[in-house]
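Q:
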Amino acid sequence: MLLITCPVCNVTADETEFHCGGEAHIKRPASSDPANVSERAQYEYLYVRNNPRGMHREMWLCSRGCGKWFYAMRDTLTLQFHAFYGITDSPPPLPDGNGTGSGS
Amino acid sequence: MTKPFRLALGAAPDDSARTGRRIDPTSAISFSFDGRNYKGLAGDTLASALVANGIRLVGRSFKYHRPRGILGLGAEEPNGLVTLGTGDRLEPNVRCTQVELYDGLVARSQNRWPGLSFDIGAINNKFSRFLPSGFYYKTFKGPGRSGWMFYENFIRRSAGLGPAPTRPDPDGYEHFNVSCDVLVVGSGAAGISAARAAAATGARVIVADENAYFGGLADCMGGTIEDRAQLEWVNQEVGVLAQAENVHLLPRTTVAGHYDHNFVLMLERVADHDPALVEEGAPRHRLWRVRAKEIILASGALERPLTFANNDRPGIMLASAIRANIHRYGVVPGEVGVLFTNNDNAYQTALDLQDIGVSIARIVDVRADPSGLPVNLAKAAGMPLMFGSGVQDVVTEKRGQQIKGVKVGGLFGAGGVHASELVACDFVAVSGGWNPAVHLYSHIGGKPAFDAERQIFVPGPVQDHLSVVGAANGTFGLEEIVHEADQAGDVVARRALGKRPIRRPASKIPFAKGVAEDDWESIWLVPAPGAKKRPNKHFVDFQNDVTAADLQLAVQEGYRSVEHVKRYTTLGMATDQGKTSNINALGLLSDALGKTIPEVGTTTFRPPYTPVSFGAIAGLRSRNLFQPVRQTPVSNWQAKNGADYEPVGQWRRPFCYPLAGEDREVAINREVLAVRHRAGIIDLSTLGKIEVKGADAGKFLDLMYTNIISTLKENRCRYGLMMDDQGLLFDDGVIVRLGIDRFLLHTTSGNADRTAGWLELWLQTEWPDLKVFVTPVTEQWAQFAVGGPHARDVLKKLRGTIKWGADVFPPLTAQFGKLLGAEVRVYRISYSGELSFEIATPANNGRALWDAILEAGEEYGIAPYGTEALHVLRAEKGFIAIGDETDGTVTPLDLGLGWAVSKKKADFVGKRSLERSFMVPGPHRKQLVGVFTHDPAEVLPIGCQALDTDQIQPPPPMLGHISSSYWSPTLDRSIALALIKNGQNRIGDTMYFPVGNKVLSGTLVDPIFYDREGLRQNG
């Protein structure tokens, strides 16, 4: 039962109060240039995800709290969170000694 | 009956008394076992009371139905599983060692028929050499796929645990959610030392112990703390802790599971020991959900059995269990005992037995030359000792139920055996050393490390804030235990409080003095006498009937990984999760594979440590509280007027309203025809309603819907479709423009929350710069559809500002005003195909409006109708329903809804995906069509497959399926909608539909069955 802190409303609560939205920072190609989205780009956007053993940037929704989406950086091996940050914040760097991270 | 199993006891319980200190000899209570009544004493466990009554046989084993007796002392008990209680309070598979006896307790043994001492299934034992590991996999596999299904019935009946209760549980359960600084698991010398030091820092401490009292094994281990007997010191410290405001002591509380971020589930058995408490209103169990900053695991160790022939006979018990039975309950299992050990610790059992006058026929020690203090004490007491030896076999009578003696002999070389000697006895104490109880350490992925010198698994590196102390950490000397636990308690409590660690004076740490013990010597298998005898009576896992021979066979058959061997042989499964068997099995596998134990692998323990009741997991969330039922403003009216409900999400919607004497079918047909010929009203308050407001609202909705919303004029309505970004349709509904920057969206009843969340997701993460607010308003509004040729006549009678004329209120427009003095929004939209108005009013006015419409409609024969009539009406019109015509694979184009998908917009969710090669319209897609069965009376089942042939063997290609299917009273025949491959080009074709043993046929037709031109709804 992960313990999660929402960076928007600052509540710290059990993971059952939140909803995980999968990998963060996936770019939607059609949002920038809808007329020129290749088949490959659309496929990768829809279906290709990182599944790292180590640091993972992911989306979470504060579903039983403020209702806002936010980002988290979580080590999939130790299940420890290393950062929570807002949608418009710039992503914090990966911690030292972790070369397996995904993210942007 | 009390002799020889119950010792003569003093008049009253006395903690300083050596024997029977937990029981009150003056307070006899009665209980029944397998229908016979017995007497026990207050303070007994069911196990000790059974032993006191001379009952050795308590169950039959899982596979071979061998007679089994009590082996252990507590959670590790693999044999003594009973079914407790009767009727709706029936609980199977309870370990009798952990059941506190109360007056009137009813227990039954399991897995036997017709009776425990004579059991037909025991014949399996005679054929045990034909029931090797993997027996079921190898034998019951043919003919064809039906083989297993045929055999399964018989196998399930002969192998199994207790029966499940058949009636609802009448008891109450609850959850507690707490946090603490330090959770101490276990209350032996280690747990109490740690708790004492942690509490001294001011930290909030919880101490949980699965037993009814604190102290762990302090009452049967030697040594002193602060110059007092262990138990005396523990009792005193527990008294101090009980007074401390920052300490919570929880007896009868099993820490069942340890989860991520120091989350712990604990099961407190509040009233199992005293059913009167339930009558007084107490919950039976309480589930504690604990978030601890620090956890100290002081869960002790479990004694290891030894593996020899017939080591499962009733009357063979772990040495620690025999010792604790003497000290706590004043009971002994027999008159003449043999101790079989590989360590010094178990000698205390022999010494204690001799103290109370039970004779020791032999101490058999596998070690060649033990010389520790306990050994010398036994020597001095004149006990017959035998070193470098083992128990080779057990001689019994009464079909294995009574021990006559054991065959003992010297061990030599690689496990060979000398000639054996028969030693007469009627019980055997065994001890193969101690396994640290590392279960909770391993629950969140901790990998135990193998200590090769001592042949035990100890906790390895620790994740999270968990510290392991005492025997659970492989620390067995009392001085070291107390020192380690005290230090850990202080250090982690300070860490939890955010304080710096300090160096404490030695005088603060309790001074302990243990009994010096020599090392033990592990032995994984004692061979039976006789050349090349297979160890197929050498039980490793008692609960699952896995023998040493089974493990050897698995290795011969090529299994190498311990995880595979476990699954193949069922080792370590079921309710005890291998507490007594896992380490012995690893040792045997290591021998068989010629690898070291760490190479063979470790074993992973999973939660729960002991079983947790379903009631405790559910807590208060059962019956009416399992899930809230949402109510609309007219739910009460519906309930009083004969609504026949169906569940829709969290709502219960009337399926139909049968009148007296009507069944569902008659009621539905009447309701449909009322709407077609007169007028009907349906409660649509459950429809999702979402207001979208802001300067960019139109722009945002253009991105979310397939069609253009921003061009919609005020007071106009438009049907819209929503796709996910894969181009798959997931919701539809009518959008109303309420104002220049304000829209009202309707969603299907089950999708309201999901759609609001969907809009938020895109708004927050993809287009956060858009100025838009999304507000769900579903429950703010009551909403009713009034439809039928007389709908206008009915509504015209209501006093108000709405103008009903066809010229002023055309289709797909909205009016906002008042009816009967209350605010209303009226939309001219139709899902029935008839002239129809949907009227929304603030929820608290809903019932008044509903009543007024029914009253006004009486002269026109208005009928309230339910969801099934709604579906028949919409299917007759060929309107799709989300969840029927959509299943997460369907695009709007598949459903012929291309007119609602914009070709002008540069982007919207799902647009690019609709252009992918396999998503564009074409003969490869399944498309919406109608179906007329050739026999108009046959209504096809929904989900039924569509074929091009009536020959179903070999299976032909499945070309689609029926998505909606109803009896149409309007057409007086069956109708169906279907999704058929290339269906839009196959109108007129005959297709075949297998239904049970029949194959029906039908013709593909246009999906609009009624009023194709829409004259009725637009009239």
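Protein chains in written order, with the numbering used here: chain A, 1 to 104; chain B, 10001 to 11019.
Yeah, the Cβ is synthetic: ideal placement off N, Cα and C, and Gly gets one too.
Drop a sphere of 10 angstroms on the beta-carbon of L11031/B, count the other beta-carbons inside from all chains shown, and report buried for 16 or more, exposed for fewer.
A: Because residue 11031/B is not part of the residues shown, which for chain B are 10001 to 11019, the question remains open.
Q: Of all Cβ atoms in chain B, is any one closer than 8 Å to the Cβ of G67/A?
A: Chain B, which has a Cβ nearer than 8 Å to the Cβ of G67/A, makes this yes.
Q: Are there three or more Cβ pairs, one per stretch, closer than 8 Å when the segment 10193-10207 of chain B is compared with the segment 10476-10491 of chain B?
A: Counting Cβ pairs under 8 Å, three or more are found: they touch.
Q: Given that a residue counts as buried once 16 or more other Cβ atoms are within 10 Å of its Cβ, and exposed if not, what is E10076/B?
A: E10076/B comes out buried.
Q: Here's the rule I'm using: 16 or more other beta-carbon atoms within 10 Å means buried, otherwise exposed. How should V10182/B be labelled?
A: Answer is buried; the Cβ neighbour count reaches 16.
Q: With 8 Å set as the bound, which would you pick, yes or no: does the beta-carbon of A10011/B sit closer than that to a beta-carbon of chain A?
A: Since pLDDT at A10011/B reaches only 47, below the 50 mark, its modelled position is unreliable, and the value read off the structure follows with that caveat. For A10011/B, the answer is no, since every Cβ of chain A falls outside 8 Å of its Cβ.
Q: Among the residues of its own chain, which have a CB less than 6 Å from the CB of L10586/B, if the five just before and after it don't count?
A: Only I10597, V10600 meet the Cβ criterion.
Q: Taking a Cβ distance cut-off of 9 Å, strictly less, list which residues of the segment 10285-10301 of chain B are near chain A, in chain order.
A: So the close ones are R10289, R10291.
Q: Determine the extent of the beta strand (DSSP E) in which Q10783/B is found, giving its start and end residues.
A: Start and end: 10781-10787.
Q: List the whole-angstrom C-beta distance separating L10947/B from V10995/B, where the pair is believed to meet the contact cut-off of C-beta under 8 Å.
A: So it is not a contact: roughly 11 Å between Cβ atoms.
Q: I'd like to know if T88/A contacts chain B, where contact means its C-beta is closer than 8 Å to some C-beta of that chain.
A: Output row for T88/A: interface = yes.
Q: Just the C-alpha distance for N10037/B and K10508/B, rounded to the nearest angstrom, thanks.
A: Spanning the two alpha carbons is a distance of roughly 53 Å.
Q: Can the beta-carbon of D10404/B be found less than 8 Å from the beta-carbon of E10397/B?
A: In the sequence on display, residue 10404/B carries Lys and not Asp. Yes, Cβ-Cβ distance for K10404/B and E10397/B is below 8 Å.
Q: Tell me the start and end of each unbroken alpha helix (DSSP H) in the segment 4-57 of chain A that is at least 4 residues and wholly inside, in chain order.
A: If we require 4 residues or more, the alpha helix (DSSP H) runs fully inside the segment 4-57 of chain A come out as 29-32, 39-47.
Q: Please list, in chain order, all residues of the same chain as A10008/B whose beta carbon is under 7 Å from its beta carbon, the five residues on each side excluded.
A: None.
Q: Could you check what DSSP says for Y10827/B in three-state terms: helix, strand or coil?
A: If DSSP states are grouped into helix, strand and coil, Y10827/B belongs with the strands.
Q: Leaving aside the five residues before and after D10725/B along the sequence, list all residues of the same chain whose C-beta is less than 7 Å from its C-beta, in chain order.
A: V10909, G10910, S10913, listed in sequence order.
Q: Do N10093/B and T9997/B count as a contact pair if the criterion is CB distance below 8 Å?
A: Limits of chain B in this structure are 10001 at one end and 11019 at the other, which puts residue 9997/B out of reach.
Q: Note the first and the last residue of the continuous alpha helix (DSSP H) segment covering N10584/B.
A: Run containing N10584/B: 10582-10593, per the alpha helix (DSSP H) assignment.
Q: Which full runs of the beta strand (DSSP E) of 3+ residues lie inside the segment 10671-10728 of chain B, going along the chain?
A: With a minimum length of 3 residues, the continuous beta strand (DSSP E) runs that stay inside the segment 10671-10728 of chain B are 10680-10683, 10688-10693, 10717-10723.
Q: Alpha carbon to alpha carbon, how far is D10591/B from I10583/B?
A: So the two alpha carbons sit approximately 13 Å from each other.
Q: Suppose only complete runs of 3+ residues qualify. What are the beta strand (DSSP E) ranges in the segment 10337-10409 of chain B, listed by chain order?
A: Segments of the beta strand (DSSP E) lying fully in the segment 10337-10409 of chain B: 10359-10365, 10389-10397.
Q: I want to verify the contact list: residues of chain B whose CB lies under 8 Å from the CB of R28/A, in sequence order.
A: Residues of chain B passing the Cβ test: D10725, E10766.
Q: I'd like to know if V48/A contacts chain B, where contact means its C-beta is closer than 8 Å to some C-beta of that chain.
A: It does not; no Cβ of chain B falls within 8 Å.
Q: Pick helix, strand or coil for G10878/B, following the three-state DSSP scheme.
A: DSSP places G10878/B in coil when its eight states are reduced to three.
Q: Report back the beta-carbon spacing between L10721/B and L10728/B to the nearest angstrom; my notes put them in contact at under 8 Å.
A: Between L10728/B and L10721/B the Cβ distance is about 11 Å, and since that is not below 8 Å, they are no contact.
Q: List the DSSP bridge partners of D10731/B.
A: According to DSSP, which records beta bridges pairwise, D10731/B is partnered with M10722/B.
Q: Taking only beta carbons into account, state which residues of the segment 10911-10929 of chain B come closer than 9 Å to chain A, listed in chain order.
A: Of all residues in the segment 10911-10929 of chain B, K10911, R10912, S10913, E10915, R10916, S10917 have a Cβ within less than 9 Å of some Cβ in chain A.
Q: Less than 7 Å between C-beta atoms, sequence neighbours within five positions excluded: which residues of the same chain meet that for Q10455/B?
A: If we look at Q10455/B and ignore the five residues flanking it on each side, its Cβ neighbours are S10522.
Q: When you compare only the Cα positions, how much space is there between Q10463/B and T76/A?
A: Going by the C-alpha atoms only, they are around 13 Å apart.
Q: Cβ closer than 8 Å: which chain B residues qualify as neighbours of E58/A?
A: In chain order: nothing, as chain B lies at least about 12 Å away.
Q: I need the DSSP call for K68/A, collapsed to helix, strand or coil.
A: Coil, per DSSP.
Q: Looking only at its chain, what residues have a beta carbon closer than 6 Å to the beta carbon of G10054/B, apart from the 5 residues adjacent to it on each side?
A: Counting only Cβ-Cβ distances below 6 Å, and skipping sequence neighbours, we find F10005.
Q: Residue range of the beta strand (DSSP E) that H9946/B falls in?
A: In the structure displayed, chain B extends from 10001 to 11019; residue 9946/B sits before or after that span and is not available.
Q: By Cβ distance, which residues of its chain are closer than 7 Å to T10254/B, with the 5 residues on each side in sequence left out?
A: Excluding positions up to five away in sequence, the list reads E10210, M10266, L10267, Y10609, T10610.
Q: Compare the Cα-Cα distances from S11028/B to each of R10304/B, L10478/B, P10461/B and report the closest residue.
A: Missing from the structure shown is residue 11028/B; chain B here goes from 10001 to 11019 and no further.
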